[in-house]
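*Asks:* Here it is: the structure, laid out below.
In the numbering used here, the protein residues as written are 1 to 447.
Set out below in structure tokens:
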């Protein structure tokens, strides 16, 4: 039978080797002799704060004894959340995620610990310790997977939000895992969850899924709006004004029609989006959002006409995107789509935005809740820009943007864009240097 080593034995051995008395060691740690004696004799359990002091006094790195702490005080004894909670926070602070996994695995057979672990996960999330929080949410979700609780739905929502990143395939799998739990959330949480879900599907160009989620959002938002103004609601409020969710759902549906080439339907919804006379909110934030939706609606009207072939509105569209930094990247992408579709010369426009285009990769580092859409827009723009220059015989510029596009597409695992880059490269392979061919081959192998 394997004997589990103990922190107490390690401490005793250290004291003997260094020829230290309990009093002397107590002075080094800042703890009194009685506490040290109780720890050494095993009459007293140890707190994580005391363990950290002892570890430092022994000249060992932070967290050196954490695995033994789990063995001695969590696995081998009845779990005590007053001891476990500060230990989990300290593990998160030191990024000792494997230790957190061991604790969760050791105690989650008992559903009684779920509420407290969920509470700790929420605390870690608030601190921005996402990796640690994710482990706890996953532990609670696994333990409660046969429960039809709101807490399980919230865990799945938190897991979904934390997991969204640069890898589009992983984002898709995360969305599929979360979607069945959306309707178990409180109605207010559902509003934001549906937006988050729709944004992921939109970034993945899953248009039918985007439309279905947008329809659910509209139905729920309209019901909540009616409830809010038919009686004085004492319920907590959503993150944004209630009308936002109705307007945004319409915008999503219009965007789907636009992407599917159903320009008449897209134009109809764009006109609807500009009509916000029905909005009852009058506070400053609501007015700000109202103004933004009207701006977006006007831009969408112009863009839809442009995509349908009305190139006379191009100067107006350029004016609209020039005054809005957030719309510049998607706006330039749209202009390049139109240029390639209708064989337009947009060299003058590209010169006008030369500085912005040269800094376009700054978008990758932007901290945003919608990063997956930013990456999608950036890949799309680079792809269209490469196509434009290659079609017009400007091979050096075209290849440069193509390789940029392929590099980012590989990072975010955008297979559609990678294939488009491959087709474009093969189309002009005869015009590129051997050095560029090597760089291209390396990117293909990475993908």
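Each residue gets a CB set at the ideal place from its N, CA and C atoms; glycine is no exception.
Source: prediction; values computed, not measured.
Which residues mark the beginning and the end of the alpha helix (DSSP H) in which residue 39 is found?
*Replies:* The residue you call residue 39 lines up with position 39 of the chain shown. From DSSP, the alpha helix (DSSP H) with residue 39 extends over 33–41.
*Asks:* Can you name, in chain order, every residue of its own chain whose Cβ lies under 7 Å from the Cβ of residue 290, other than the five neighbours on each side?
*Replies:* Numbered from 1 along the chain shown, position 290 holds the residue referred to as residue 290. Within the same chain, residue 290 has close Cβ partners 276 and 279.
*Asks:* I need the straight-line Cα distance from residue 387 to residue 286, nearest angstrom please.
*Replies:* If you number the chain shown from 1, residue 387 lands on position 387. If you number the chain shown from 1, residue 286 lands on position 286. Going from the Cα of residue 387 to the Cα of residue 286 covers about 41 Å.
*Asks:* Using 10 angstroms around the beta-carbon of residue 236, count the other beta-carbons present and answer buried if the total reaches 16, otherwise exposed.
*Replies:* Within the chain shown, residue 236 is the residue found at index 236, counting from 1. Exposed is the call here.
*Asks:* With burial defined as no fewer than 16 other Cβ atoms inside 10 Å of the residue's Cβ, what is the status of residue 63: buried or exposed?
*Replies:* The count along the chain shown starts at 1 and reaches residue 63 at position 63. By the neighbour-count rule (16 or more Cβ atoms within 10 Å), residue 63 is buried.
*Asks:* Given residue 356, which residues of its chain have a CB within under 8 Å of its CB, disregarding the five upstream and five downstream residues?
*Replies:* The count along the chain shown starts at 1 and reaches residue 356 at position 356. So the qualifying residues of the chain are 328 and 332.
*Asks:* Helix, strand or coil: which one does DSSP assign to residue 52?
*Replies:* Along the chain shown, one-based indexing puts residue 52 at 52. Residue state, collapsed to three classes: helix.
*Asks:* Buried or exposed for residue 442, going by 16 or more other Cβ atoms inside 10 Å?
*Replies:* The residue given as residue 442 occupies position 442 in the chain shown. So residue 442 counts as exposed.
*Asks:* Go through the region 383–410 residue by residue and report every complete run of the beta strand (DSSP E) that reaches 3 residues or more, in order.
*Replies:* If we require 3 residues or more, the region 383–410 turns out to have no beta strand (DSSP E) run fully inside it.
*Asks:* Counting along the chain, where does the alpha helix (DSSP H) carrying residue 128 start and finish?
*Replies:* Within the chain shown, residue 128 is the residue found at index 128, counting from 1. Per DSSP, residue 128 belongs to no alpha helix (DSSP H) and is neither H nor E.
*Asks:* Taking a contact to mean a Cβ-Cβ separation below 7 Å, would you say residue 228 touches residue 242 in this structure?
*Replies:* The residue labelled residue 228 in the question sits at position 228 within the chain shown. The residue labelled residue 242 in the question sits at position 242 within the chain shown. Yes, they are a contact pair.
*Asks:* What is the DSSP secondary structure of residue 147, counted as helix, strand or coil?
*Replies:* On the chain shown, residue 147 is found 147 positions in, with the first residue counted as 1. Note: residue 147 maps to coil in three-state DSSP.
*Asks:* Which residues mark the beginning and the end of the alpha helix (DSSP H) in which residue 336 is found?
*Replies:* As a working note, residue 336 is residue 336 in the chain shown. Counting along the chain, the alpha helix (DSSP H) containing residue 336 begins and ends at 325–342.
*Asks:* Going by alpha carbons, who is nearest to residue 405 out of 422, 180 and 272?
*Replies:* Position 405 of the chain shown, counted from the first residue, corresponds to residue 405. Residue 405 has its Cα closest to that of 422, out of 422, 180 and 272.
*Asks:* Is residue 174 near residue 214, with beta carbons less than 7 Å apart?
*Replies:* Working through the chain shown from its first residue, we reach residue 174 at position 174. Working through the chain shown from its first residue, we reach residue 214 at position 214. No, these two residues do not count as a Cβ contact at 7 Å.
*Asks:* Determine the burial state of residue 254: buried for a count of at least 16 other Cβ atoms within 10 Å of its Cβ, exposed for fewer.
*Replies:* The residue given as residue 254 occupies position 254 in the chain shown. Buried: at least 16 other Cβ atoms inside 10 Å.
*Asks:* Our contact map puts residue 53 next to residue 92 with C-beta atoms below 8 Å; I'd like the distance itself, whole angstroms only.
*Replies:* On the chain shown, residue 53 is found 53 positions in, with the first residue counted as 1. On the chain shown, residue 92 is found 92 positions in, with the first residue counted as 1. Contact flag wrong, Cβ pair sits at about 19 Å.
*Asks:* With a threshold of 7 Å on Cβ separation, who are the neighbours of residue 97 within its own chain once the five nearest residues in sequence on each side are excluded?
*Replies:* Stepping through the chain shown from its first residue, residue 97 is reached at position 97. Counting only Cβ-Cβ distances below 7 Å, and skipping sequence neighbours, we find 131, 132 and 135.
*Asks:* How about residue 384 and residue 336: do their beta carbons lie closer than 7 Å?
*Replies:* What you label residue 384 is simply residue 384 of the chain shown in a count that begins at 1. What you label residue 336 is simply residue 336 of the chain shown in a count that begins at 1. Their beta carbons are under 7 Å apart, which means residue 384 touches residue 336 by this criterion.
*Asks:* Beta-carbon within less than 7 Å of residue 72's beta-carbon, same chain only, minus the 5 sequence neighbours each way: which residues are those?
*Replies:* By 1-based counting over the chain shown, the position of residue 72 is 72. So the qualifying residues of the chain are 6 and 7.
*Asks:* Who are the near neighbours of residue 416 in its chain, counting only those whose CB is closer than 8 Å to its CB and skipping five residues on each side?
*Replies:* The count along the chain shown starts at 1 and reaches residue 416 at position 416. Result list for residue 416: 205, in chain order.
*Asks:* Pull up the distance between the alpha-carbon of residue 146 and that of residue 271, whole angstroms please.
*Replies:* Locating residue 146 in the chain shown gives position 146, where the first residue counts as 1. Locating residue 271 in the chain shown gives position 271, where the first residue counts as 1. Rounded to the nearest angstrom, the two C-alpha atoms are 46 Å apart.
*Asks:* At the level of alpha carbons, what is the spacing between residue 41 and residue 57?
*Replies:* Along the chain shown, read from residue 1 onward, the residue named residue 41 stands at position 41. Along the chain shown, read from residue 1 onward, the residue named residue 57 stands at position 57. Roughly 19 Å separates the two Cα atoms.
*Asks:* Out of curiosity, what's the CA-to-CA distance linking residue 114 and residue 143?
*Replies:* Along the chain shown, one-based indexing puts residue 114 at 114. Along the chain shown, one-based indexing puts residue 143 at 143. For residue 114 and residue 143, the distance between alpha carbons rounds to 8 Å.
*Asks:* Give the C-beta separation of residue 33 and residue 22 to the nearest angstrom, bearing in mind that I take them to be a contact with Cβ-Cβ under 8 Å.
*Replies:* One-based indexing of the chain shown puts residue 33 at position 33. One-based indexing of the chain shown puts residue 22 at position 22. Going by Cβ atoms, the distance from residue 33 to residue 22 rounds to 5 Å, so yes, they are a contact pair.
*Asks:* Using only CA atoms, which one of 268, 247, 257 and 338 lies nearest to residue 294?
*Replies:* In the chain shown, the residue the question calls residue 294 occupies position 294. Minimum Cα distance to residue 294 is reached at 247.
*Asks:* Is residue 160 closer than 7 Å to residue 172 when the C-beta atoms are compared?
*Replies:* By 1-based counting over the chain shown, the position of residue 172 is 172. By 1-based counting over the chain shown, the position of residue 160 is 160. Cβ atoms of residue 172 and residue 160: not closer than 7 Å.
*Asks:* Should residue 379 be labelled buried (16 or more other beta-carbon atoms within 10 Å of its own) or exposed?
*Replies:* Sequence index remark: in the chain shown, residue 379 carries index 379 (1-based). So residue 379 counts as buried.
*Asks:* Have a look at residue 187 and residue 252 and give me their C-alpha separation to the nearest angstrom.
*Replies:* Position 187 of the chain shown, counted from the start, is the residue given in the question as residue 187. Position 252 of the chain shown, counted from the start, is the residue given in the question as residue 252. Spanning the two alpha carbons is a distance of roughly 20 Å.
*Asks:* Going by CA-CA distance only, name the one from 223, 311, 418 and 203 that's closest to residue 374.
*Replies:* For the purposes of this step, residue 374 is identified with residue 374 of the chain shown, where counting begins at 1. Answer by Cα proximity: 203.
*Asks:* From what residue to what residue does the alpha helix (DSSP H) around residue 278 run?
*Replies:* In the chain shown, counting from the first residue as 1, residue 278 sits at position 278. Where residue 278 is concerned, there is no enclosing alpha helix (DSSP H), given that its DSSP letter is neither H nor E.
*Asks:* Cβ atoms of residue 238 and residue 292: under 7 Å apart, would you say?
*Replies:* By 1-based counting over the chain shown, the position of residue 292 is 292. By 1-based counting over the chain shown, the position of residue 238 is 238. Taking 7 Å as the Cβ cut-off, residue 292 and residue 238 do not qualify as a contacting pair.
*Asks:* Runs of 3 residues minimum, wholly inside the region 169–197: which ones carry the beta strand (DSSP E) assignment?
*Replies:* DSSP runs (the beta strand (DSSP E)) wholly in the region 169–197: none.
*Asks:* Starting from residue 288 and walking both ways along the alpha helix (DSSP H), at which residues does that stretch end?
*Replies:* Taking the first residue of the chain shown as 1, we reach residue 288 at position 288. Run containing residue 288: 284–307, per the alpha helix (DSSP H) assignment.
*Asks:* For residue 284, which option in 67, 240 and 435 has the closest C-alpha, if you only look at C-alpha atoms?
*Replies:* Counting from one through the chain shown, the residue named residue 284 turns up at place 284. Checked all of 67, 240 and 435; the closest Cα to residue 284 is 240.
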